[in-house]
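Engineer: The UniProt record's numbering applies: residue 1 is where the sequence shown begins, and numbers increase by one.
Every residue, glycine too, gets a C-beta built ideally from N, C-alpha and C.
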Amino acid sequence: MELLAIVAGITACVFLVQSIRAKGVIGQLRMELEARQNDLKSTEEGSAALNAELQRTLIELERFREVLDAEAEAARILGETRAERNQLLQQAQVKLAEAESRLKQAIADAEAEKVQIVSKGRAERDQLLQQAQLKVSQAESRLQQAVTDADKIIADAQARAQQVAGDALAAMGKAKHYADAAQAMKNVVEGYGDAYIVPTYNLLDDLAEEFGFTEAGQKLKAARDYTRFMVKAGRAAACDYVEANRRDTAVRFVVDAFNGKVDSILTRSKADNHGKLEQEIRDAAALVNLNGASFRNARITEEFMSARLEELRWAVTAKLLKDQEREEQRQLREQIREEEKARREFERAIKDAAKEEATLRKALEKAQEQVAAASAAERADFEARLALLQEQLQAAEDKNQRALSMAQQTRAGHVYIISNIGSFGEQVFKIGMTRRLEPLDRVRELGDASVPFEFDVHAMIFSDDAPGLEKQLHRHFLREQVNKVNPRKEFFRIGLPAIRAELEQLGVETQWTMSAKAIEYRETQRIEQQIIENPVIAAEWTRHQIEAEEAIEQVEEEALASA
């Protein structure tokens, strides 16, 4: 039907176009007819010709009669097409209304299904929540039952022990109770000193290498949650009152007193005071238990004290690990700075050596020209100068090649053995490594401000694998480390002959300075002795030091002003 409508429309358009063209031709012919009629009136001689022409024109117009009839046919077809189009449009509107109705019904069905699903989901959620609450309640009930059973077992054991030992057991318990209280009061009065210092690395024995302070912080949070649970569950303290109200009051008293003291102690936790704070917590429990004896033996339980000690353990561990990571970052930054200094030194040395080499080559070429042009008497002097320039050029080339080689080899460097008697005493040596082209610059930096005296250099060993050689020496003298806590400190308490023997065992040969000059330190000792013995020298030395300080301040002020 739609195709028929399209064909009818096209046919109507064709007839319409032909009709328009026919009307145009008719109008033109009529104008010609009028002109010829006028000519007929004005010219009788041409009337016959015009009549003949008019007759021929009328004959030609007979062909367009059908076109005029076609216009009427086109109008008829167009009317039928419009009627059919309106009918199709009405049918389409009906179908559209039906589709909209079906869509609205589908939306309504979907909304109803959604409401049903949501209701079902809420019901399932409520059911699961009830099941979870039931499981939690059952778990708490089992825990409480286990606690009750444990209390009963402990009570039965104590009762049996009381039956067997009688007064001896009670006396022993009281003796320990009073001994702990006495020791706690003694510690509070006299202080803790160094008696309770323990190695902090023991805290890390059960931790993996990748265990960081963040994980330790999570463990600390879990320990805190557990102590709060114990207080809530009534496991933090115990009391012999039968009346519930009085028992709860006494328990609350000792728990609040103990927790307040422990919280204050935990705020002072550091990486190096675990042993001292642990004893403080134990002493706090002993004193609280001593004061709680007046309230029918109100006391902190051993379990709760252990839980709070676990808090301390993780608090100290977290701080220790954080300090270690901070120290590792500091060491890394120091290594990066050292590598950057070495890189700049290599670049500067290569640049200076290339410049020196170019200068010497020019001087050598000039000397060669002078030798060629010199007389026999002058030639000897010029040849000597030429030989000297060749030696200097060879030295510059070697220096340039050495700097370039060290810059390319990331592990090449110097291992140094140095000491500082005035700062660290006899038989203490630092075994370190530097990649500087001038390794003594690194030694001078170490002695600038961190120590009161300069370091003495006993050996400076070049190695293609300086970090490896340094590590071998550190590993061999591990037990002789001065700092037994921080392995990154490179000081060792050992005789210099032992270090030399180990290097010879490794096949390393170098020049040694076995005695330490310690010039500044020995000069300082001599001045101190003179100051004690001679007041005049003391006054002169004081005046000299004041003048030196004033001169230093003036230089610093001038430097700041110029900057």
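Comparing C-alpha positions only, which one of E470, G413, S463 and Q392 sits nearest to K430?
Structural biologist: The shortest Cα separation from K430 among E470, G413, S463 and Q392 belongs to E470.
Engineer: Under the DSSP definition of a beta bridge, which residues are partnered with S419?
Structural biologist: Answer is F429 and D456.
Engineer: Quick check on the DSSP output: what are the complete beta strand (DSSP E) runs of length 3 or more inside the stretch 469–555, in order along the chain?
Structural biologist: Whole beta strand (DSSP E) segments, 3+ residues: 491–493.
Engineer: What whole-angstrom Cβ distance do I537 and Q530 have, given they're in contact under 8 Å?
Structural biologist: The pair is a contact, with the Cβ atoms about 5 Å apart (cut-off 8 Å).
Engineer: Got a sec, what are the start and stop residues for the alpha helix (DSSP H) T249 sits in?
Structural biologist: From DSSP, the alpha helix (DSSP H) with T249 extends over A244 to L266.
Engineer: Relative to the alpha-carbon of I461, which residue among Y416, E445 and G468 has its alpha-carbon at the smallest distance?
Structural biologist: I461 has its Cα closest to that of Y416, out of Y416, E445 and G468.
Engineer: Which same chain residues end up closer than 7 Å to A271 when comparing Cβ atoms and leaving out the 5 residues on each side of it in sequence?
Structural biologist: Cβ within range, chain order: T200, V316, K319, L320 and D323.
Engineer: Would you tell me roughly how many angstroms separate the C-alpha atoms of V198 and I499, rounded to the nearest one?
Structural biologist: Caution applies to V198, whose pLDDT of 47 falls short of 50 and renders its modelled position unreliable; the model cannot decide the point.
Engineer: From which residue to which residue does the alpha helix (DSSP H) around E280 run?
Structural biologist: That run of the alpha helix (DSSP H) goes H274 to G292.
Engineer: Count the other CB atoms, across all protein chains shown, that sit within 10 Å of the CB of A539; report buried if there are 16 or more and exposed otherwise.
Structural biologist: So A539 counts as exposed.
Engineer: Could you pull the DSSP bridge partners for T434 from this structure?
Structural biologist: BP columns for T434 point to H414.
Engineer: What whole-angstrom Cβ distance do A412 and D464 have, given they're in contact under 8 Å?
Structural biologist: Confirmed, about 5 Å.
Engineer: Is A238 helix, strand or coil by DSSP?
Structural biologist: Of the three classes helix, strand and coil, the one that applies to A238 here is strand, per DSSP.
Engineer: Any idea if M433 is buried or exposed, counting beta-carbon neighbours within 10 angstroms, 16 or more meaning buried?
Structural biologist: Flag for M433 reads buried.
Engineer: Looking at the secondary structure, which residues open and close the alpha helix (DSSP H) in which V451 lies?
Structural biologist: Run containing V451: none; DSSP gives neither H nor E here.
Engineer: Can you tell me which residues form a DSSP beta bridge with R299?
Structural biologist: Bridge partners of R299: A238.
Engineer: Looking at D248 and N297, is the spacing between their C-beta atoms short of 7 Å?
Structural biologist: No, they are not a contact pair.
Engineer: In whole angstroms, what is the alpha-carbon distance linking F295 and A236?
Structural biologist: Approximately 16 Å, taken between the alpha carbons.
Engineer: How many angstroms separate the CA atom of G425 from the CA atom of F492?
Structural biologist: Distance between the alpha carbons of G425 and F492 is about 11 Å.
Engineer: Using a threshold of 7 Å, state whether the C-beta atoms of V231 and I300 are closer than that.
Structural biologist: Going by C-beta atoms, V231 is not nearer than 7 Å to I300.
Engineer: Reducing DSSP to helix, strand and coil, say where S562 ends up.
Structural biologist: The answer is helix: DSSP assigns S562 an H, G or I state.
Engineer: For E558 and K362, I'd like the C-alpha separation in whole angstroms.
Structural biologist: Looking at the two C-alpha atoms, the distance is approximately 41 Å.
Engineer: Going straight from the alpha carbon of K355 to that of I519, what length do you get?
Structural biologist: So the alpha carbons of these two residues sit roughly 38 Å apart.
Engineer: Can you list, in chain order, the residues of its chain whose CB lies under 7 Å from that of Y226, leaving out five sequence neighbours each side?
Structural biologist: Excluding positions up to five away in sequence, the list reads A307.
Engineer: In angstroms with no decimal places, state the Cα-to-Cα distance between A216 and W314.
Structural biologist: Their backbone Cα atoms lie some 6 Å apart in a straight line.
Engineer: Can you tell me whether S269 is helix, strand or coil according to DSSP?
Structural biologist: Three-state result, S269: coil.
Engineer: Find the nearest neighbour of I421 within the set E243, Q87, R522 and W541, judged by alpha-carbon distance.
Structural biologist: When only C-alpha atoms are compared, the closest one is R522.
Engineer: So, at 7 Å on beta carbons, what are the nonlocal neighbours of D194 in its own chain, with the 5 sequence-adjacent residues on each side left out?
Structural biologist: Interpretation of D194 is limited by its pLDDT of 47, a score under 50 that renders its predicted location unreliable; the figure taken from the coordinates is listed afterwards. None.
Engineer: Considering Cα atoms alone, identify which of H476, I494 and H414 is closest to P467.
Structural biologist: Checking every option, the nearest Cα to that of P467 belongs to H414.
Engineer: Which whole-angstrom value describes the C-beta separation of A223 and F258, a residue pair presumed to lie in contact below a C-beta threshold of 8 Å?
Structural biologist: The pair is not a contact, with the Cβ atoms about 16 Å apart (cut-off 8 Å).
Engineer: Buried or exposed: which applies to M514, given that a residue is buried once 16 or more other Cβ atoms fall within 10 Å of its Cβ?
Structural biologist: Exposed is the call here.
Engineer: Once DSSP output is grouped into helix, strand and coil, what is the label at A222?
Structural biologist: Helix.
Engineer: So V451 packs on S423, CB below 8 Å; how close in whole Å?
Structural biologist: Yes, they are in contact, since the Cβ atoms of V451 and S423 sit about 4 Å apart, within 8 Å.
Engineer: Thinking just about the alpha-carbon of each residue, which of F304, A293 and E280 is nearest to the one in A233?
Structural biologist: Answer by Cα proximity: F304.
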